[in-house]
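See structure below.
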Amino acid sequence: RIYNGTFDQGDMTRLNYWELTSQEGASAEVNVSAETREAKIEPLQKGDDSGDILFKQTGVQLQEGQDYELTFHARAEEERSIQVDLVSQDGSVSYSNAEPIQLTKEMKPHTITFQMPENTTDLESQLWFKLGGQSEAVYLDDVSLVQTSNPVELQPLKNGDFANGLEAWSPYIHFDANADVSTIDEMLNVDIENAGNEKWSVLVEQPGLSLSQDTTYILSFKAKSTLPRDIEVTIENAAYQRYFSRVVSLTDEMQTYELEWNMTADDMASLKFLMGQVADSHEISIDDVSLEVK
657 RIYNGTFDQG
667 DMTRLNYWEL
677 TSQEGASAEV
687 NVSAETREAK
697 IEPLQKGDDS
707 GDILFKQTGV
717 QLQEGQDYEL
727 TFHARAEEER
737 SIQVDLVSQD
747 GSVSYSNAEP
757 IQLTKEMKPH
767 TITFQMPENT
777 TDLESQLWFK
787 LGGQSEAVYL
797 DDVSLVQTSN
807 PVELQPLKNG
817 DFANGLEAWS
827 PYIHFDANAD
837 VSTIDEMLNV
847 DIENAGNEKW
857 SVLVEQPGLS
867 LSQDTTYILS
877 FKAKSTLPRD
887 IEVTIENAAY
897 QRYFSRVVSL
907 TDEMQTYELE
917 WNMTADDMAS
927 LKFLMGQVAD
937 SHEISIDDVS
947 LEVK
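When you line the sequence shown up against this note's numbering, it's residues 657 to 950, in that order.
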């Protein structure tokens, strides 16, 4: 998914989620017209190579073996070519095999299709518009990336029994909190000394869940806490848009919790256990996490 592909979100620049970079002596500037809401990228020093000026978005999530379609509208002040590519986090691997795209003065739609390799999931890929090597300004709008293959993944969550330690899971401890996250006897253990000021001050998440629109999911897990308390369980995307949120009450006895919701969009999301905002020190144990299509 591409965020702010219509260049009308965020602050007055309307460029949230986008970044302009240059190298090898090249330089450029970007702005978005309040009237047209098009991103105008104007090379100041064009450089020698198309990759010397990049207008890009990072953190694009791509799943192994899936088909994707990138669409965008583009034009130029004078006829010129650009290259567009989806690449790995470090830029060394091209997923979409960039081909030159010819632009004219007329705003036209363009489409790029590609398939991710088997056994390659990249949750931190980049979309690159390669605009160096030529001096004509480029205008972009309506940038969108959709997954065109849509087999519903019946069990998107991995390592829910913690048999492989914290593999596929990511802890986050905010600076106002103090906690240790580990696995003990194939069970998630969160040892909280100071839970911080926010619910998200202590959290454990599994990102990269491929969820499908109009699909009902059942989330179940076992949990307990040495101190009776509430925790919040959420499903949200990279822009923190929540598709599901529920507060559950933990006791000192291991209990099974089963939660159900209907997904309202095709999206890559994270399951998060929010465990902050409690005064006293305590330990939370979580096990047998599963996420399945109903």
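Cβ atoms here follow ideal geometry from the backbone N, Cα and C, with glycine treated the same way. These numbers were taken from a predicted model, which means no experiment stands behind them.
Other residues of its chain near D797: CB distance less than 6 Å, five sequence neighbours each side excluded: E694 and H729
Residue environment, Q893, which counts as buried when at least 16 other CB atoms sit within 10 Å: One point to set straight first is that residue 893 is Asn, not Gln, in the sequence displayed. When all chains shown are included, N893 counts as buried.
Neighbourhood of A925 by C-beta distance below 7 Å, restricted to the same chain and skipping five residues each side: L865, L867, I891, E892, N893 and Y899
Three-state secondary structure assigned by DSSP to G789: coil
Given M910 as reference, the closest of Q739, S781 and K878 once Cα atoms are compared: K878
For D836, the three-state DSSP class (helix, strand or coil): strand
Beta strand (DSSP E) segment containing M919, residue limits: Q911 to M919
Start and end residues, beta strand (DSSP E) containing D943: H938 to V949
Whole-angstrom distance between G681 and A793, CA atom to CA atom: 17 Å
Coil, strand or helix - S744 by DSSP: coil
Coarse secondary structure for W784, derived from DSSP in three states: strand
Residue range of the beta strand (DSSP E) that includes L796: V794 to Q803
Local conformation of S683 per DSSP, three classes: strand
E685 classed as buried or exposed, judged by whether at least 16 other C-beta atoms fall within 10 angstroms: exposed
Backbone CA spacing between E939 and L813 [nearest angstrom]: 24 Å
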